[in-house]
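Listed in order, the protein sequences are those of chains A and B. Note that the working numbering has the first sequence beginning at 1, numbered continuously upward. Note that the working numbering has the second sequence beginning at 354, numbered continuously upward. C-beta atoms are modelled at their ideal positions from N, C-alpha and C, and glycine is treated no differently. Please read these numbers as outputs of a predicted model, since none were measured by experiment.
Protein chains: 2
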Amino acid sequence: MSGMKQPLGGGSRVTISDVAAELGLTKGTVSRALNDYPDIAEATRLRARRTAERMGYRPLGSAQAIRTGRCRAIGLVLETDEHDAHRPFLDRFLSGLSDTAAAQGWTLTVATAPVGAARETYQRLIDERKADGFVLPRTRLDDPRVEMLRSAGVPFVLFGQHSTPEGCAWFDVDSAEAMRSAAHLLVDRGHERIAYVGGNSDYAYNGQREGGLRAGLAERGIDLPAEYVKDGAWNRALGEAATARLLDLPTPPTAIVYALDRAALGAWRPAEARGRRVGIDLAVIGYDGDPEGAFAEPPLASWSVDWGKAGNELCDMLIRRIRGEAVEDLRAMMPATFLDRGSASVVLNPTSA
Amino acid sequence: MSGMKQPLGGGSRVTISDVAAELGLTKGTVSRALNDYPDIAEATRLRARRTAERMGYRPLGSAQAIRTGRCRAIGLVLETDEHDAHRPFLDRFLSGLSDTAAAQGWTLTVATAPVGAARETYQRLIDERKADGFVLPRTRLDDPRVEMLRSAGVPFVLFGQHSTPEGCAWFDVDSAEAMRSAAHLLVDRGHERIAYVGGNSDYAYNGQREGGLRAGLAERGIDLPAEYVKDGAWNRALGEAATARLLDLPTPPTAIVYALDRAALGAWRPAEARGRRVGIDLAVIGYDGDPEGAFAEPPLASWSVDWGKAGNELCDMLIRRIRGEAVEDLRAMMPATFLDRGSASVVLNPTSA
DNA sequence: GGGGTTGCCGAAACCGGTTTCGGAACGCAG
DNA sequence: CTGCGTTCCGAAACCGGTTTCGGCAACCCC
């Protein structure tokens with residue numbers, strides 16, 4: 001009897017006592033059975049599990065939280081203000097986090113805060129036990145959140161890297177390797193004058209991407225001179241300015257690699273204004289896989305990051321961290337995928353140098 | 354003594370018993386004092402409130418939830434798959450929801466689900482009491498979520514309108530009024546041949562925008578013939594196709610109004626391919642205020658929606674709904690703001706007709 | 001056959017709050 | 001002084017789980 005599942009919202013839920021009564025056991029025993037305690041007979045465990053399933057029993061998160069101290073929720077605090085940020089991928093990222101969380105019976109608590117005042121938001125979430133740990137998106141090299149959470153003993157996982165990663169679990173996309181490949185690819189297509197336009201140097205990715213490009217060029221015997229490096233271009237307007245300065249050099253580059261698609265999309269206008277054509281006599285490679293790049297003419301070559309998978313991994317790592325795994329075992333890199341589109345298909349013959 | 358605030362995560366939290374001990378009262382009394390029960394002396398109430406504040410007491414959400422049945426969290430289930438959707442504005446929307454929630458001591462629980470299988474996700478969130486109610490983003494005219502939650506007696510607020518709004522609280526942007534204004538504006542600039550490219554007719558906005566445009570034109574004595582109406586253009590590629598068909602008509606329009614910026618951005622290519630120039634001899638107006646529109650050449654005129662404010666309002670309405678206010682009092686419209694940019698500044702002289 | 005394990009479960013405390021109930025202290029009219 | 005109604009707080013139950021502790025029964029070994 002009472003075998004029906006609950007009709008979504010309706011009155012009385014199925015509690016653990018109901019299950020216990022149905023089984024003729026006490027709720028303590030049922031609890032231990034469902035939580036795989038070793039002092040429960042295998043037969044009883046199975047019987048309890050099946051009956052709970054049949055009755056549609058779902059433990060009340062808040063009730064277990066009060067005793068266990070865990071609410072089985074991961075926290076994500078998004079910093080506002082930086083309206084240049086993760087916007088186009090946020091939904092994928094959230095899906096990745098949420099799906100992996102759901103698969104393990106966890107949920108996702110999201111909050112937002114102005115860039116400076118994130119501390120109070122974390123504090124509140126922790127005090128009220130709305131989250132057992134946090135994913136820190138867009139970690140900066142010098143990020144106050146890290147010290148804050150580290151000293152508080154709250155579990156967290158970084159997305160991106162920090163200047164002092166001791167005691168931190170982190171996940172990152174290997175953009176250095178991506179840039180290294182980009183360098184090889186351009187050189188193999190005949191380029192020798194290759195420039196780099198960086199993004200915000202508060203973030204580790206900036207140095208990684210420049211370093212990766214430089215390393216890849218060096219492996220092919222090509223130098224990256226200082227005048228070929230522009231920095232701080234983290235939106236289209238700044239990308240246009242940086243591109244203009246590069247193209248106005250006495251010996252302008254034949255290829256430009258950008259740390260960000262948003263900046264790379266700023267290549268078209270200054271190029272056209274100077275009689276250069278992207279994809280014909282100016283190679284452009286971006287990074288991020290921004291969907292907008294597909295609509296450029298020619299389409300923007302870029303490195304696409306699987307934000308959903310990143311969310312999956314980060315969530316998984318965070319839950320493992322919360323369960324006590326050592327941070328040293330919780331560090332991983334994910335490769336980016338090259339989108340070899342028109343803007344990069346400029347092949348120079350050896351004599352054009 | 355013990356006047357220090359808790360250092361974020363550290364060991365023992367301040368519980369209500371601690372506060373009670375400090376005051377020489379019982380925890381029941383303190384609880385009633387903090388929750389404004391009428392049988393507590395005003396002096397006691399104040400004393401309790403101040404001591405709690407001083408000691409940094411923050412009630413444990415899970416603990417109150419178990420007795421009150423409220424976890425003070427609003428739920429948001431994002432449907433994946435529809436990758437054409439709210440992407441660029443999601444962060445603003447989340448900020449709006451989260452900020453208003455936080456201001457009232459609530460939090461935001463986010464989950465994702467494939468379009469069809471949202472039911473289980475809602476079910477789980479309700480069963481585990483991870484949310485007291487839901488904001489339904491992107492409500493479709495015939496939306497199974499509505500019937501599901503309505504029959505289950507779970508509080509919710511629609512963003513967008515539903516075919517049968519009885520018993521629903523809803524919030525919407527007045528896009529009909531926006532389109533009406535767009536019609537007036539175009540007619541006042543000399544246009545008489547004005548076309549409309551709609552989006553996904555599963556949503557109420559589609560009919561509202563077409564209806565608004567039609568009404569605005571009618572008020573100026575202008576008809577919207579059937580061949581000037583294309584539908585189902587909810588991304589750039591589809592926008593390009595619809596534009597091409599309109600421009601290939603024997604008597605092509607001089608202005609096109611799009612239900613969505615994403616489609617409107619598809620006007621440029623087919624126009625240029627036919628010797629027409631947006632902003633010169635073809636007026637284009639979109640809707641959404643997509644940031645990408647600012648980078649078009651000329652920039653795309655559009656209607657911008659304040660997603661942050663929408664989030665604020667929706668959260669506020671939902672909390673009031675959860676607290677028991679009648680749905681009839683929880684319905685509101687918000688105007689959109691016109692971004693009068695280059696693509697709409699086509700002024701025709703009367704003789705050109 | 002007695003004593004010590006071992007396996008398995010019941011009983012009850014506990015977590016941190018909320019809510020009900022009852023009664024002490026006080027004021028006031030008769 | 002008595003009787004009655006308020007005001008205000010203490011005591012304890014309660015919410016739905018988890019966890020500790022103790023004990024009964026069966027088994028094992030000598």
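Reference residue i, options the options, closest by Cα
{"i": "A/K130", "options": "A/V77, A/L339 and A/S17", "result": "A/V77"}
{"i": "A/A178", "options": "A/F159, A/R193, A/A41 and A/R209", "result": "A/R209"}
{"i": "A/G153", "options": "A/A182, A/A117, A/V327 and A/A195", "result": "A/V327"}
{"i": "B/F648", "options": "B/F512, B/D614 and B/P508", "result": "B/D614"}
{"i": "B/A470", "options": "B/G486, B/S448, B/D496 and B/Q457", "result": "B/D496"}
{"i": "A/A103", "options": "A/I74, A/V110, A/Q123 and A/E79", "result": "A/I74"}
{"i": "A/E219", "options": "A/D39, A/G324, A/H184 and A/L125", "result": "A/H184"}
{"i": "A/A52", "options": "A/G289, A/L186, A/I16 and A/P165", "result": "A/I16"}
{"i": "A/E297", "options": "B/R622, B/V582 and B/R477", "result": "B/R622"}
{"i": "B/R694", "options": "B/I575, B/T433, B/E645 and B/L577", "result": "B/E645"}
{"i": "B/A454", "options": "B/S415, B/L701, B/R546 and B/I675", "result": "B/I675"}
{"i": "B/T492", "options": "B/A373, B/P518 and B/R420", "result": "B/P518"}
{"i": "B/D643", "options": "B/R629, B/A624 and B/L618", "result": "B/L618"}
{"i": "A/L90", "options": "A/M317, A/D288 and A/G167", "result": "A/D288"}
{"i": "B/A654", "options": "B/G661, B/R420, B/K662 and B/G639", "result": "B/G639"}
{"i": "A/G207", "options": "A/P250, A/A241 and A/H162", "result": "A/H162"}
{"i": "B/D371", "options": "B/T433, B/R411 and B/K662", "result": "B/R411"}
{"i": "B/C424", "options": "A/L60, A/G69, A/T68 and A/R67", "result": "A/L60"}
{"i": "A/A226", "options": "A/R236, A/L249 and A/T68", "result": "A/L249"}
{"i": "A/I66", "options": "B/S415, B/D389, B/D669 and B/G574", "result": "B/S415"}
Residue i versus residue j - alpha carbon distance
{"i": "B/A620", "j": "B/R627", "result": "11 Å"}
{"i": "A/V284", "j": "B/F691", "result": "35 Å"}
{"i": "B/A697", "j": "B/V631", "result": "8 Å"}
{"i": "A/G28", "j": "B/L378", "result": "33 Å"}
{"i": "A/P335", "j": "A/G212", "result": "13 Å"}
{"i": "B/R542", "j": "B/D682", "result": "40 Å"}
{"i": "B/E481", "j": "B/G552", "result": "37 Å"}
{"i": "B/L447", "j": "B/G486", "result": "16 Å"}
{"i": "B/I609", "j": "A/V257", "result": "37 Å"}
{"i": "A/E325", "j": "B/M408", "result": "33 Å"}
{"i": "B/R366", "j": "A/T121", "result": "17 Å"}
{"i": "B/A394", "j": "B/P508", "result": "34 Å"}
{"i": "B/T604", "j": "A/R236", "result": "38 Å"}
CB-CB length for residue i against residue j, believed under 8 Å
{"i": "B/T465", "j": "A/S98", "result": "4 Å"}
{"i": "B/A386", "j": "B/R403", "result": "Between B/R403 and B/A386 the Cβ distance is about 11 Å, and since that is not below 8 Å, they are no contact."}
{"i": "B/T596", "j": "B/R546", "result": "Rounded, the Cβ-Cβ distance is 14 Å, inconsistent with contact."}
{"i": "B/V699", "j": "B/D634", "result": "7 Å"}
{"i": "A/D81", "j": "A/P38", "result": "The Cβ separation is near 51 Å, so there is no contact."}
Other residues of its chain near residue i: CB distance less than 8 Å, five sequence neighbours each side excluded
{"i": "B/S534", "result": "G569 and F691"}
Cβ-based neighbour list, residue i, same chain, cut-off 6 Å, excluding 5 preceding and 5 following
{"i": "B/Y558", "result": "S528"}
{"i": "A/A263", "result": "V197, A233 and G239"}
{"i": "A/G311", "result": "F93, G96 and L97"}
{"i": "B/A548", "result": "Y581, L599, P606 and I609"}
{"i": "A/V173", "result": "V305, M334 and A336"}
{"i": "A/G308", "result": "R92, S95 and G96"}
Cut-off 7 Å between Cβ atoms - residues of its own chain near residue i, not counting five sequence neighbours on either side
{"i": "B/L667", "result": "L450, V488, V510, F512 and F524"}
{"i": "B/R684", "result": "A522 and W523"}
{"i": "B/R472", "result": "M501"}
{"i": "A/L23", "result": "V30, R47, A48 and T51"}
{"i": "B/R598", "result": "K583"}
{"i": "B/L478", "result": "G428, T462, A464 and A484"}
{"i": "A/P88", "result": "D290 and P291"}
{"i": "B/L494", "result": "H515, S516, D555, Y556 and A557"}
{"i": "B/R629", "result": "L600 and L635"}
Those residues which DSSP pairs with residue i across a bridge
{"i": "A/F171", "result": "A/F159 and A/A332"}
{"i": "B/Y549", "result": "B/V582 and B/V610"}
{"i": "B/F487", "result": "B/G428 and B/F509"}
{"i": "B/I638", "result": "B/V610 and B/A654"}
{"i": "A/L339", "result": "A/S302"}
{"i": "A/Y203", "result": "A/R140"}
{"i": "B/V631", "result": "B/L635"}
{"i": "A/T107", "result": "A/A73"}
{"i": "A/A273", "result": "A/A273 is not bridged to any residue."}
beta-carbon residue i near the ligand NAP non-hydrogen atom, thresh 7 Å
{"i": "A/A131", "result": "The ligand NAP is not among the ligands present in this structure, which contains no ligands whatsoever."}
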